[in-house]
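In the working numbering, the protein residues as written are 49 to 223.
Structure (structure tokens):
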């Protein structure tokens, strides 16, 4: 019995010595991928959309892929936009997709551009778009940290030709 107790204690001691809470894989490691969701709605626009795009809806996912140094500070950030839309009029032209700075009911400036523009607009032949993706977009590391710290201070916005100021928007919610 005494030998069994000694073996058990040695096993616990050995496993504790092998643990490093400061390692990148330890329990205190900071995430390198952070996902935000947004419920896209024309009523969230400032002012709310009331024209033909008013029936549009969507979901957006904004992902930050981060590189961190040994201390956990962000040294590089890349973004991915993925969104789906429905309820728009046939042949709606989606011209822009951005992350803007601004809380609910605040129209704020563009902070991260997806790369979509009027020159390469997306046409929703049947008023629907599924899993549109823009990826590998460089993000300022300071801005990435600000979004992580206060996602509700930023919103996902999709613009159309009919609503160049924005057709649907939703505040970011960290997952």
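Every residue gets a Cβ at the ideal spot worked out from N, C-alpha and C, and that includes glycine.
Just so you know, these numbers come straight off a predicted model, no measurement behind them.
Asked: C-alpha gap between residue 120 and residue 200, whole angstroms; Found: 23 Å
Asked: For residue 86, the three-state DSSP class (helix, strand or coil); Found: strand
Asked: Residue 218 versus residue 181 - alpha carbon distance; Found: 17 Å
Asked: Check whether residue 216 and residue 90 have beta carbons under 7 Å apart; Found: yes
Asked: Which of helix, strand or coil DSSP assigns to residue 219; Found: strand
Asked: DSSP three-state assignment for residue 101, whether helix, strand or coil; Found: helix
Asked: Whether residue 224 touches residue 211 by CB criterion (7 Å); Found: No information on residue 224 is available, as it lies outside the stretch 49 to 223 that the chain covers here.
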